[in-house]
Amino acid sequence: MIGERVAGRFVIEARLGGGGMGWVWRGRDCKLDRVVALKQVRADIGRLPELKARAVREAQALARIDHPGIVRVHDVIDAPDGPWIVMDYVQGTLLGTLIQRAPLSESAVVRIGAQALDALAAAHAEGVLHRDVKPDNILITASSSVVLVDFGIATIEGHERITVLGHVVGTPDFIAPERIRGEPVGPAADLWSLGATLYTALEGRPPFHRSTEEATRFAILTAPPAPMTRAVRLKPTLNRLLAKSPANRMAAEELARHLEGAARGAPAAHPRR
């Protein structure tokens, strides 16, 4: 793939990452002489008419979002092997990489959470769910700005029961309970995943991780999160976000208030009984 052209205009320079839905490449826009990111939807998925149409609709919705915490979409290329999505290329370090080095301070997690929440709220306002919020989809730039990346499942999935290789699409440690159950989802599912991400950043481990994917999913459905040893101000907030039922989770507005209070050093409110 390196050196190949997409739509005669974009030259592929390097592979940036990939997952169950496709791959992301760094490329050069030869017409405008700029670096871009190119999301290549997996061929067997991109050829399905329903999912292809969904990809275009959701990419159009993302393109309307003007938010510094969301990678801007510039174009969708209708290639024979499926859509390619042209986006801004953003440099930075993945939150997952930072966590591998050491758990983050509570103050850093509060700051990251507030910025990620603001970006999610902007997407939700346009009717777009991320569906795969996790540490490896949160980019921290050199200026400490937070950028949500890889709305790949949001732009491709089309229906909660669609699976890849027999599994629910997404990273097991960060899949909300209602998605595992195959239920319809809304913004609360993204907030659950954000809660699991912030827990992981602070504690250094996911809240429900087990030795197998099946056991992890079962724990997400039935078990409480592992006891927190580092969280102080965020402990009640994270417990609320990780509630099994979407109805028992705090909404984005309440979460924003909790994070603002935590940033000021105010104690978080205790979870509702």
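Mind the numbering: the sequence shown is residues 45 to 317 in our numbering, read in order.
For every residue, glycine included, the Cβ atom is placed at its ideal position computed from N, Cα and C.
So which of the options has the shortest CA-CA distance to residue i?
| i | options | result |
| --- | --- | --- |
| Asp125 | Ala87, Gly140, Pro93 | Ala87 |
| Arg301 | Thr256, Arg277, Pro290, Asn292 | Arg277 |
| Arg225 | Ala107, Glu258, Gly71 | Glu258 |
| Leu139 | Gly157, Val130, Met131 | Gly157 |
| Arg78 | Arg53, Glu48, Pro250, Glu297 | Arg53 |
| Val85 | Gly66, Pro93, Arg249, Lys75 | Gly66 |
| Gly113 | Thr256, His168, Ala160, Asp119 | Ala160 |
| Ala123 | Arg72, Ala105, Leu92 | Leu92 |
| Trp69 | Val117, Leu76, Val154, Ile46 | Ile46 |
| Thr244 | Leu142, Phe262, Ser255 | Leu142 |
| Arg223 | Arg72, Ser189, Val130, Leu265 | Leu265 |
| Asp132 | Leu76, Val153, Asp180, Val177 | Leu76 |
| Trp236 | Ala296, Thr273, Leu192, Phe262 | Ala296 |
| Lys178 | Leu164, Arg274, Ala169 | Leu164 |
| Met294 | Pro280, Ala306, Ala307 | Pro280 |
| Val190 | His168, Val80, Asp217, Asp162 | Asp162 |
| Arg261 | Gln144, Arg249, Leu106, Ile219 | Ile219 |
| Arg274 | Asp119, Glu247, Arg59 | Glu247 |
May I ask which residues mark the beginning and end of the beta strand (DSSP E) holding residue i?
| i | result |
| --- | --- |
| Gln84 | 78-85 |
| Ile114 | Looking at the DSSP string, Ile114 is not in any beta strand (DSSP E), and its letter there is neither H nor E. |
| Asp73 | 66-73 |
| Val190 | 190-192 |
| Leu183 | 182-184 |
If you reduce the DSSP assignment to three classes, tell me which class residue i lands in.
| i | result |
| --- | --- |
| Ile206 | Because Ile206 carries a pLDDT of 40, less than 50, the predicted location of this residue cannot be relied on, and no value is offered for it. |
| Ala307 | helix |
| Leu161 | helix |
| Arg49 | strand |
| Glu102 | helix |
| Glu94 | helix |
| Pro315 | Here the model assigns Pro315 a pLDDT of 44, short of 50, so the residue's position is not dependable, and the following value carries that caveat. It is coil, neither helix nor strand. |
| Arg254 | coil |
| Leu60 | strand |
| Phe218 | helix |
| His302 | helix |
| Thr199 | Residue placement at Thr199 is flagged as unreliable, the pLDDT there being 40, under the threshold of 50; the coordinate-derived value follows with that caveat. Residue state, collapsed to three classes: helix. |
Starting from residue i, follow the alpha helix (DSSP H) in both directions and report where the run begins and ends.
| i | result |
| --- | --- |
| Ile264 | 257-266 |
| Ile224 | 221-224 |
| Pro231 | 231-247 |
| Asn292 | Careful: Asn292 lies outside any alpha helix (DSSP H) and carries neither H nor E. |
| Thr281 | 279-285 |
Just checking, does the stretch 96-112 make contact with the stretch 135-150 on the three C-beta pairs under 8 Å criterion?
no
Count the CB pairs spanning the stretch 233-248 and the stretch 282-298 that are closer than 8 Å, and state whether there are at least three.
yes
Counting only runs that start and end within the stretch 111-156, where is the beta strand (DSSP E) found for 3 or more residues in a row?
117-123, 126-132
Is the stretch 226-236 touching the stretch 171-178 in the sense that three or more CB pairs, one from each, lie closer than 8 Å?
yes
Do three or more CB pairs link the stretch 183-193 to the stretch 130-139 at distances below 8 Å?
yes
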